[in-house]
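These notes are about the structure you will find just below.
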Amino acid sequence: MRTRVARRAVSAVVPRLALGAVLGVLLGGVTACGDDVGDDASARDAPSGSYAPAATPYEGSLAGSGGGRYGVAGDVVDCATAAAGFDHGPGPLAEAATADSVGAAVETAYSEGLQLDAPRVDLALAREEGDRRLLTFEVGGRVLMALVVRDGPASEGAGGPGWYVQSWARCDYAEFPADVAEGMGVLVWAGADGTPVPTSRVYSHPGPEHCGWQPMTFLALDDGRRTEASYVREPIPELEPYVAVPYRARTALPADAVDTGWQRAGDHLWLSADRDVAYVGAGDRVEAWPRFETGCE
């Protein structure tokens, strides 16, 4: 049995719209070097693992490069807004680790952190074709996540030939069931009509545990005027030098505050005219979250 060594994922986290950086740490996507992935129970599965058949089989080829930036997986997902994903391309794998089965390859990709920035959901087998397998997650007939797993060539550093996630794609977390998004630490906001707002526009998330920031809640948004901005609820004392203004647990909503039209769990979101403060609340219960100017490493 081949021994696969998954590389340690190292990343810095800044509360921002690039979910990969934030979620890589929230997931704790690090595996110890030298672990024998082949000894895991999933590695003893048959090559296709124990995946149930997908409700909607895929009829296209898995061998091509796909029509977009995320390979065939990007062609499979049915997203209302821009998808996220990655494609290793058709050549030998060099920047990840291989495994001895489809299931172990998926686990290895998750363990490598940013190699697979996606939720843990019940994947199903949508197609088998030669040395490739297509795994999907669908809700209401729409495929929200897809992985093409290949038994292909790889460099010695990647562990030699074996199974690996060649390409993956997923829809915005706002399109997933709420419990899936919240399980990833992604708190989705909604518009005035209750329609979830893409996380490329706005989302909240708890602070990363490895920095001791979990008591805080961060708000990341693109308000159309800045490329991105982050705000924080109840910053811990050592972070006070990095906020634009003091946090206030109760304040009056300024007359010139701009209503974003976004809401979550009964709270509404306004921004100050200078975008230094996010006002969160309802009625006379409004908090002032200051803009945050640093990150966690």
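Number 347 marks the last residue of the sequence shown (the numbering used here); no jumps.
Glycine included, each C-beta is placed from N, C-alpha and C at the ideal position.
Would you please state the rounded distance, in angstroms, between the beta carbons of residue i and residue j? I believe it to be under 8 Å.
i      : j      : result
VAL295 : ASP317 : The Cβ separation is near 20 Å, so there is no contact.
ASP125 : VAL193 : With a Cβ gap of about 10 Å, ASP125 and VAL193 do not count as contacting.
TRP239 : ARG314 : 5 Å
ALA196 : GLN165 : About 15 Å; that fails the 8 Å criterion.
ASP137 : SER217 : 4 Å
From residue i to residue j, what does the alpha carbon distance come to, in whole angstroms?
i      : j      : result
ALA307 : ARG300 : 15 Å
VAL330 : GLY190 : 33 Å
ALA305 : TRP320 : 11 Å
PRO203 : GLY110 : 23 Å
PRO287 : CYS261 : 14 Å
ALA91  : GLU337 : Residue confidence is low: ALA91 scores 34 on pLDDT, short of 50, so the model does not pin down where it sits. Its coordinate-derived value is still stated next. For ALA91 and GLU337, the distance between alpha carbons rounds to 48 Å.
THR106 : GLU179 : 16 Å
ALA93  : ALA176 : Here ALA93 scores only 34 on pLDDT, less than 50, and its place in the model is too uncertain to base an answer on.
GLY121 : LEU269 : 31 Å
GLY116 : PRO285 : 45 Å
VAL236 : PRO227 : 11 Å
ALA133 : ASP222 : 6 Å
ARG119 : HIS255 : 27 Å
LEU184 : TYR108 : 8 Å
SER322 : MET266 : 21 Å
LEU35  : ASP324 : Beyond the ends of the chain as shown, which are 51 and 347, falls residue 35; an answer cannot be given.
ALA328 : ASP272 : 12 Å
TYR101 : GLU188 : 14 Å
ARG335 : VAL293 : 22 Å
ALA130 : PRO246 : 11 Å
GLU232 : GLY244 : 17 Å
GLU259 : GLY114 : 41 Å
GLU290 : TYR297 : 9 Å
TYR160 : MET234 : 13 Å
THR148 : VAL230 : 27 Å
LEU112 : GLY257 : 39 Å
LEU73  : GLU162 : Residue confidence for LEU73 is low, a pLDDT of 37 falling below 50, so the modelled location carries little weight; the figure read from the coordinates is stated next. Cα to Cα, the separation comes out at about 12 Å.
Find out if the Cβ-Cβ distance for the pair residue i, residue j is shorter than 7 Å.
i      : j      : result
PRO103 : SER205 : no
GLY144 : ALA224 : The sequence shown places Ala at residue 144, rather than the Gly named in the question. Not a contact, by the Cβ cut-off of 7 Å.
VAL199 : ALA123 : no
ALA242 : GLY311 : yes
ALA219 : GLY135 : yes
ASP201 : ASP181 : yes
ALA174 : THR158 : no
Residue i: beta carbon under 6 Å from a heavy atom of the ligand FAD?
i      : result
TRP263 : In the structure shown, the ligand FAD is absent, as is every other ligand, since no ligand is present at all.
Going by DSSP, which residues form a beta bridge with residue i?
i      : result
TRP320 : ASP309 and TYR329
TYR214 : ARG200
THR186 : ALA174 and ALA196
PHE226 : Its beta-bridge partners do not exist; DSSP assigns none.
PRO246 : ALA240
ARG335 : ALA332
TYR253 : ALA270
GLU179 : ARG182
VAL122 : Bridge partners of VAL122: none, in fact.
LEU143 : ALA204
VAL293 : PHE342
VAL282 : PHE268
ARG314 : ASP317
GLY135 : ALA219
Cβ pair count under 8 Å reaching 3, the segment 337-344 against the segment 280-294
A contact exists between the segment 337-344 and the segment 280-294.
At least 3 beta-carbon pairs within less than 8 Å: the segment 195-214 vs the segment 148-168:
Contact check between the segment 195-214 and the segment 148-168: three or more CB pairs, one atom from each, fall below 8 Å, which counts as touching.
Is the segment 161-178 in contact with the segment 250-261, if contact means three or more CB pairs nearer than 8 Å?
Because the criterion of three Cβ pairs below 8 Å is not met, the segment 161-178 and the segment 250-261 do not touch.
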